[in-house]
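2 protein chains.
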Amino acid sequence: MKYVYMFEEADGKNKMLLGGKGAGLAEMTRLGLPVPPGFTVTTQGCTAYYSNGRKLPDAIWEEIRTAMAALEKKTGKAFGRGRNPLLVSVRSGSALSMPGMMDTILNLGLSDESAKTLARETGDERFALDAYRRFIQIFCKVALGVDGDLFEKALATAKAESGAKLDSDLTASALTGVVARFKEIARKATGRDLPVDPWEQLRVATTAVFDSWEGKRARDYRAHFKIGPDQANGTAVNVVAMVFGNLGERSATGVAFTRDPGSGENTFYGEYLNNAQGEDVVAGIRTPLPIAELAREMSSVHAELLDVKKKLESHYREVQDIEFTVERGKLYMLQTRNAKMNAHAALVTSVDLVEEGLISKERALLRIGPSDLEQLMYPGIDPKAKIQPFAKGMPASPGAACGRAVFDADEAVRRAKLGEKLVLVREETKPEDIHGFFASVGILTSRGGKTSHAAVVARGMGKSCVCGAESIRIDAKERRAVAGETVFREGDRITIDGSTGNVYLGEVPLVASEVVQALQGDRTQETKVSRAFARLMQWADEARTLGVYANADTPEDAARARRFGAGGIGLCRTERMFNAVDRLPIVRAMILASDPKERAARIAELLPLQKADFKGILKAMNGLPVTVRLLDPPLHEFLPSVEELLHEMSTLQDFSEIVRHLDELPEMVRLVDPKLGEQMTAIDSMRRLLAEVKNRHQDEKLLQRKESELARVRQLHEVNPMLGHRGVRLGITYPEIYEMQIRALYQAVVELIQEGHSPRPEIMVPQVCTAKELEWVHRLEREVKAEVEATSGVKIECPFGTMIEVVRACMRAGKLAEIAEFFSFGTNDLSQATFSFSREDAEAKFLPLYTERKILQDNPFEILDVKGVGRLMEIAIEWGRKTRPDLKIGICGEHGGQPQAVEFCHEIGLTYVSCSPFRVPIARLAAAQAAVRTKSKQPVPSSI
Amino acid sequence: MKYVYMFEEADGKNKMLLGGKGAGLAEMTRLGLPVPPGFTVTTQGCTAYYSNGRKLPDAIWEEIRTAMAALEKKTGKAFGRGRNPLLVSVRSGSALSMPGMMDTILNLGLSDESAKTLARETGDERFALDAYRRFIQIFCKVALGVDGDLFEKALATAKAESGAKLDSDLTASALTGVVARFKEIARKATGRDLPVDPWEQLRVATTAVFDSWEGKRARDYRAHFKIGPDQANGTAVNVVAMVFGNLGERSATGVAFTRDPGSGENTFYGEYLNNAQGEDVVAGIRTPLPIAELAREMSSVHAELLDVKKKLESHYREVQDIEFTVERGKLYMLQTRNAKMNAHAALVTSVDLVEEGLISKERALLRIGPSDLEQLMYPGIDPKAKIQPFAKGMPASPGAACGRAVFDADEAVRRAKLGEKLVLVREETKPEDIHGFFASVGILTSRGGKTSHAAVVARGMGKSCVCGAESIRIDAKERRAVAGETVFREGDRITIDGSTGNVYLGEVPLVASEVVQALQGDRTQETKVSRAFARLMQWADEARTLGVYANADTPEDAARARRFGAGGIGLCRTERMFNAVDRLPIVRAMILASDPKERAARIAELLPLQKADFKGILKAMNGLPVTVRLLDPPLHEFLPSVEELLHEMSTLQDFSEIVRHLDELPEMVRLVDPKLGEQMTAIDSMRRLLAEVKNRHQDEKLLQRKESELARVRQLHEVNPMLGHRGVRLGITYPEIYEMQIRALYQAVVELIQEGHSPRPEIMVPQVCTAKELEWVHRLEREVKAEVEATSGVKIECPFGTMIEVVRACMRAGKLAEIAEFFSFGTNDLSQATFSFSREDAEAKFLPLYTERKILQDNPFEILDVKGVGRLMEIAIEWGRKTRPDLKIGICGEHGGQPQAVEFCHEIGLTYVSCSPFRVPIARLAAAQAAVRTKSKQPVPSSI
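Here the protein sequences come in this chain order: A and B.
Position one of the first sequence corresponds to residue 3 (my numbering), numbered consecutively onward.
Position one of the second sequence corresponds to residue 3 (my numbering), numbered consecutively onward.
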């Protein structure tokens, strides 16, 4: 086996063998770029080293010696000796870049002897001594394990003694002293003299690189990121002839990107330092110059670099991140690798590279991560702003928002009308706060997690939300909040970042999302990024086979979803309509109705309201399917809680008590002190006021009403509401509700058809566990349909389907598909039932510990659990399609917008995913990527 | 196709063709028993009738005429005419006996003409007229659909007019009038004269029988009991030559069982009436005589009947239920069918028939229903007692119990020590009431359902329990309860019937279970029944392949389980040990511990207690496996509720308030009226008393403690406790608890081994959803085991397994089986998760409606849902055994003792079922039946 390859003979595609750095050097050498001569000891050499009990096998050493001989021949220099001593750098490099691996050793081959020769040859004694002390310092630290601080201290002492401010102020004689001190430090620490033999230096450095592969930091890193031997198996060692960027003003060193990694613009982007070595750029002692300066200072080198850029991009078909050194006017390339870019740049370059003919559309689609795309969708805190958060909660709905704090929903609405931008601040939110959400740009709560009402609603609306910022004590009555020493009052400006959970005082500068602005139809906001986004989305739509729908409950949401590219509404939650501020009192009255007549009256009131909602949504989605889910949540969710009612009742009781005792008060006061009789008038007027209030509010009746409400709330109370009286169970016990919803939908459909539109409703039944439930609702649906059709003379088309969110529905999928024309997986509930985890409880109590200890890899409510929930889905799909081969199958849980889940849904043959409007573009990209990956995995048909 | 068979030519085995009645008559004819001649029109005739548009096909009529001709020849009479007119009865008869089918028409063939001939021939005009009026009455009613009341009224009028008390008091001339009136009624109702042509009568009667098959009552009955065409497809028509039991004193009619259907004794059992027709026996106007009388009155007939009994039992190998008529000394058999018997008789005859060589042991096992066996296990209300319940609740744990009412657990213990039998009466029970359960013979609650604490614990203990008797208002403080007008106080005797839910005032006579007394080792109580039971159980154990274990949490339960035939403990719930009255304070202190040291101390206190429990149970089950489930319920279940704590705190606060204000009281009193100063002494002494109490109880500290308890309870509160922080999730977050439990178990095992016993512990982990959880506990278990083994020098054998009660565990069964050596299905929780039903909520809110409307066939918590939950079980078994082919698999949910579930568990290859000790015999029988059925379904090996 061959362990050592000269750059010109190595296969630069084989990163696993050569490591990333070695592969890059080999590839550049082959492309004819100016790489200093050198060679790579392969990762197989590393494996052999460990197999040999951490001893360098003789065979490898022999190959290294041979390679060094070739290097000497190529450079015309002798290794560490002679008139023109050959010096080398030794660098680690595995297939994946990995912190904790060994630093570069520069100037290897120097000794007292050769340093002198170098000084003589370069005519620069200071340069030679500086190179020597650098070699000693880094060799001792990384190859011999000597404490680096000892050298730093010695260097500081020397500078102090000679009055030098910077390292570069040290004179040659001062550096002579430094070298002596460094050698002494090495001797003391290692118990022997520094090796002067360059071969011994090389052997020590090589084994030190191999050893660093099993160092603690490297091992921890691999364990944490689960990097297995199939991704990186050992480190290579790269030995390169030294070139010097610090040989005077015509020398330089620099790093660059072939395109701007911040904006993606196709301009050469980087910086350099004259007369410096690589580490000086990193150290940041001198300020590097922008690469454009190089065009003025060394125009031929700059031109050569532009040529390199072109060659590298043509070759790699990817933006490159390079290192170079200029030695006395001659350019040397020291590294190249694919550039890391931010989301903007990744997007822009993806489209540019396609248009430049460098990559295919498929490659462009795979090149940008769906979560990068997400970054583009939300406004963020301006990264340039230097400001500290005063509190931190959970990042519940991404994006940053800034506005005036407001402590209740009504006030939010009032202020919003005055044109204020607001952040709604609550301990926690409830359905009745919903108008406050509409009025605000963001929501901040001090209680509840990512699954709380605030979080779920905010995500659905695409509004920024920070939840459970527990350090903030909110006093809604006093209209102020306190966190440590920070206090803010209603009307004070605050900024929240729903992507990080940070909360800031005052107005922090934000960066808006160009993409969203453009998507929302604001043509004036079109930019290179938003145009690139549009192109990419177009390619994604061409590539994907999986449909992408949105979850939307209002005409506004539906319109937004459509602009974001949704092919339909996969989940229209009718209960959100029940929660609207004008509906809730009617809904409550319906639930509290003591007789069927009263209930029927309330339901009749709701019908026109729901019809109007449905009309708006169907119109917004004209021509596209709208999947209407019949009422799902348990009725008690629409009522106040026992605690709230008890509190209200006790207040009312206290009030009655005071009013009652007020009559006795004068007598009591007189008894204590007759002189106080003067104040009787005050008591009298107060008594009159209260009596008036009492009359007006008829508090006794109010109390009675509250009592009957309380009784109903107690009656509806459930031990496990997640598994309770909801969904179709509710529909069957209170058929009048489902009937009204179906009627409202069909009346809306009929009116739209009559107005010349093309509504495409679908009806979906939640919480189904047995086919009989579905049959039951289906019968009701057909009755109402027949009636509406007969009355209107209009024919209604409306597929009838079921949610699959109960485990038993998966087991009975074959039977359900006899009735259901489509399935829609509700993976939120399905995951809860599959794990027997109550999301709210689990996330608060044990899930963090579970993911921390890796008992679960991920929170299954964030990342779809493919092994458990996914398996159930596969079973349901198989059995469902056995009955009805053309069964349309979707997913409408929150996972629908999560990239891994989208890929899984593509693989198992779903028809569509449905997610919140803001995640539609992400899902479109993820679906396209899944399709491209599947295609590339498929064998090429034999006819081609 | 042939539609009509004479009795002697029909195949009496073919009930589907001939109906039950026809088949019996054919079979008896072939056996040479004295059956009047006759024939059967087959059920295929019925089908042909319907296919022909409800018209009797000519072919059938022709066959009927041919058969009638044969009948005429056989009897030497002419049908409805001539000197000796042939009369027949026409009876319906399908494969299954079915209410709503047509009644028998007797004396068909009579007319004015033939009635006269009959009078002359028999020399009994009264008899002939009575026969005639009976014919008219029943023919009109059942074949022509005339309102039967019209005839009853006319008959009553005739009796009144002639001064007759009984029908039989009517003279011939009175009957002549009755016949005239009846004919008039028929004419008025049908618009024409009664058919006098016997052939027309026969044709009308035949089609009426066929029509009755599709009558409303028959259809409803078939729909309700889901009787499909494979069980009964149409009715047959039986036409039999009339014989008369009412032709004087040497005539009689009777019904009999070949053995006593109440006790199973092998004695001929029945009753008869002299000079009567069949309907007179049923009508109950005259009191029939016991069959033994017949031996005296007509000894040859009695002897002939005994011969018939012998022949029938030898032939049918089953106890028979027969009808017979004696006409002038000659016996005729009119019907035979398998007898319905009560549980005692079914058991005794099963064993007797085997011992008499009439049936096989397999047949004996199939002959008795597991629920019949259940009847034998519990004491019941004496059926002879004439007493009305004053309230009704849910039948939560079967059996009746009588004792003095007691309103709290402590009082129950106190009184039990005095030797009283007690019924614990509570609104609802809690874990801390558990000592009250032990002290009582039954439990009555006014709240909660079949799944409430009281119900579950009572079932586990086999104590009678009635739950949720909501009409009873219980005032525990006043120690009395009121239901309507009924009041009972502590110490008053009440009786509850946990099999029906009835509650009675006073001591109602009970019938003890002979079986249980014998099983519990009381040899003096051995009876024929208990001996038969023991035999049957022995055969069951020989036949079954499925193991039967018991769920038991105490040494007493374990001992009982063993006596009841359990092969091991399939579920030993360690939390029941935490709930014992001496443990609960320690458990609470552990949960409330503010630091780990305090918690460790409390856990250390629990260890010896758990060890002692384990020792007792393992010793009771010496040599048999005991499956110990580690702690399962959420911690908050061991703490008082928020409501309780708030109430306690408010009481304490009120108390402090009073004490505080007491100082001011004298001043206040003096202010109002100085003369009241006299009463100051009273106030003073009260103040001293309260100050003393205050000191003693240090109420402030108590309040603080309650406050911190409340905080912890609130912290532990869960939205959906069923899906909450419990089972292995608890074990992982508080590893010290599981560690203590495992250590206690292993120390117990070591001590038992050292004492020469053979403990066989198994450890089972609850609520597992991923293999990592199991790995985690397994590591803990191996550590503790190694430590205990090292300390003691004793080697411990203990299989390690998992509950399968989370859906995801089913999906991951293959992976779990890598660690788990056994599975145990927890179908209670698994059913909840599969349906997304919270049992407590569902049973209170919508399950009754669901089963009523047949949306679900059964309550899945009572009857295992084979299609959903069962499917998951099958998947888990398949995947689990793929990994580990010898995987031991059991079930320990409440379904484990439910016969259908036992059969299903046998079919899907479970190793054992585990149920409450009292259900062990039922499960043993059910398992045997399943094995026998499987065997009989298997094809006979070809070598036989």
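Ideal Cβ positions, reconstructed from N, Cα and C, are used throughout, including at glycine.
- Using a CB distance cut-off of 7 Å, A:Asn722 counts as an interface residue toward chain B.
- Here A:Gln322 is bridged, per DSSP, to A:Asn340.
- Among the bridge pairs identified by DSSP, B:Glu251 is matched with none.
- By DSSP's assignment, A:Ala393 forms a beta bridge with A:Val505.
- DSSP places B:Val415 inside the alpha helix (DSSP H), whose first and last residues are 411 to 419.
- For B:Phe640, the secondary structure class from DSSP, reduced to helix, strand or coil, is helix.
- Contact between A:His437 and A:Ala411 holds: CB atoms are separated by about 5 Å, below the 8 Å threshold.
- Counting only Cβ-Cβ distances below 7 Å, B:Ala835 has contacts in chain A at Val809, Ala835, Ser838, in chain order.
- Note on A:Leu747: 16 or more other CB atoms within 10 angstroms of its CB, so buried under the neighbour-count rule.
- Under the criterion of beta carbons closer than 8 Å, B:Gly882 and B:Leu818 qualify as touching, at roughly 7 Å.
- The C-beta separation of A:Val752 from A:Ser710 comes to about 39 Å, leaving the pair out of contact by the 8 Å criterion.
- Note: B:Ser94 is bridge-paired with B:Val239 in the DSSP secondary-structure output.
- As the crow flies, the alpha-carbon of B:Val489 is around 11 Å from that of B:Tyr506.
- DSSP, reduced to helix, strand and coil, places A:Ser448 outside both helices and strands of the structure shown, so it counts as coil.
- DSSP lists B:Val513 as the beta-bridge partner residues of B:Gly382.
- Taken atom to atom, the span from the alpha-carbon of B:Leu654 to that of B:Asp477 is near 22 Å.
- Around the CB of B:Arg122, fewer than 16 other CB atoms lie within 10 Å, so the residue is classed as exposed.
- A Cβ-Cβ separation of about 6 Å places A:Ile138 in contact with A:Leu196 under the 8 Å criterion.
- A:Val241 and A:Gly40 have their alpha carbons spaced roughly 5 Å apart.
- For A:Ile361 and A:Gly230, the gap between their C-alpha atoms comes out near 29 Å.
- For A:Thr772, the chain B residues whose C-beta falls within less than 7 Å of its own C-beta are Ile857, Leu858, listed in chain order.
- Interface flag for A:Phe848 against chain B is set, since a Cβ pair is found closer than 7 Å.
- Look at A:Lys190 here: in three-state DSSP terms it is helix.
- Cβ proximity to chain B below 7 Å picks out Lys869, Gly870, Arg873, Leu874 from the segment 860 to 877 of chain A.
- Contact of B:Asp634 with chain A is not assigned, every C-beta pair being separated by 7 Å or more.
- The contact set of A:His727 on chain B, defined by CB atoms closer than 7 Å, consists of Asp843, Lys847, Phe848 in chain order.
- Contact of A:Thr735 with chain B by beta-carbon distance below 7 Å involves Phe848, Leu851.
- For the pair B:Val425 and B:Gly444, the CB atoms are nearer than the 7 Å cut-off.
- Under the three-state reduction of DSSP output, A:Ser316 falls in the helix class.
- For B:Glu738, not one C-beta of chain A is nearer than 7 Å to its own C-beta.
- Chain B places a beta carbon closer than 7 Å to that of A:Met813, counting this residue as a contact.
- Residue burial is scored here from C-beta neighbours: B:Ala69 has at least 16 other C-beta atoms within 10 angstroms and is therefore classed as buried.
- Between B:Ala398 and B:Ala483, the CB-CB gap reaches or exceeds 7 Å.
- In the three-state reduction of the DSSP assignment, A:Asp262 falls in the coil class.
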